[in-house]
Amino acid sequence: MSRLPILIAACLFLYNLPSPLAESDSPTAYSLLQSYNFPVGILPKGVVAYDLDTSTGRFHAYFKDSCSFSLVGSYQLNYKSTISGYISENKLTKLTGIKVKVLFVWLNIVEVIRNGEEMEFSVGITSANFGIKEFLASPQCGCGFECKESRKETYDTSLPSVSSS
14 MSRLPILIAA CLFLYNLPSP LAESDSPTAY SLLQSYNFPV GILPKGVVAY DLDTSTGRFH
74 AYFKDSCSFS LVGSYQLNYK STISGYISEN KLTKLTGIKV KVLFVWLNIV EVIRNGEEME
134 FSVGITSANF GIKEFLASPQ CGCGFECKES RKETYDTSLP SVSSS
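Oh and the sequence shown: position 120 is 133 in this note's numbering, straight run, nothing missing.
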């Protein structure tokens, strides 16, 4: 009896097994941000899924619930359970689902632009600039960077500044 049918059946069986690397092969939302030259800290921890149309740059990022937190001595932020917009190198545009509280008013963040070591956040009528080093770690929903039980995760601080031509 030939062993060829058994070998073929074994190969087919092994080929159809799910790969343990399948999930890790696809980039996370955070590594995707880095591939467009953004620091991970502009997105809070807790993204459960995302989709991206690479031909247009249209994306959606999904959280289990809405996400709110305060930054020490600064602003209150709110991310809806789904945020969306368009991503390209150094630029996030037409953003929806992200708000910042300025004084007593909630304003939509509509655009984020990286310019060298600065990040510019626009609410349409005005914008604010912050150093990129403020965004090297992702804040946690509910407590930002002031969480007692979680340790602050930092990411590669040697992100090259990539310029588009």
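Each residue gets a CB set at the ideal place from its N, CA and C atoms; glycine is no exception.
(request) Return the CA-CA distance between phenylalanine 158 and lysine 112, expressed in angstroms with no decimal places. (result) 18 Å
(request) Enumerate, from N- to C-terminal direction, the unbroken alpha helix (DSSP H) stretches of 4 or more residues contained entirely within the segment 31-87. (result) 35-38, 42-48
(request) Find the nearest neighbour of tyrosine 75 within the set Thr109, Val136, Val123, judged by alpha-carbon distance. (result) Thr109
(request) Answer yes or no: do lysine 107 and valine 123 have a C-beta to C-beta separation smaller than 8 Å? (result) yes
(message) Can you confirm whether threonine 106, when its beta carbon is compared against all beta carbons of chain D, has any partner nearer than 8 Å?
(response) Protein chains in the displayed structure number just one, and chain D is not present.
(message) Here's a check: name, in chain order, each residue in its chain whose Cβ is nearer than 8 Å to the Cβ of valine 60, leaving out the five neighbours to either side.
(response) Thr41, Ala42, Tyr43, Ala74, Tyr75, Phe76
(message) For lysine 161, count the other beta carbons within 10 Å of its own beta carbon; 16 or more makes it buried, fewer makes it exposed. Which is it?
(response) exposed
(request) Within 10 angstroms of the Cβ of valine 118, are there 16 or more other Cβ atoms? Answer buried if so, exposed if not. (result) exposed
(request) For glutamate 36, collect the residues of the same chain with a Cβ closer than 8 Å to its Cβ; drop the 5 residues on either side in sequence, then sort them by chain order. (result) Confidence is the limiting factor: at glutamate 36 the pLDDT is only 44, short of 50, which leaves the residue's position unreliable and the question unanswerable from this model.
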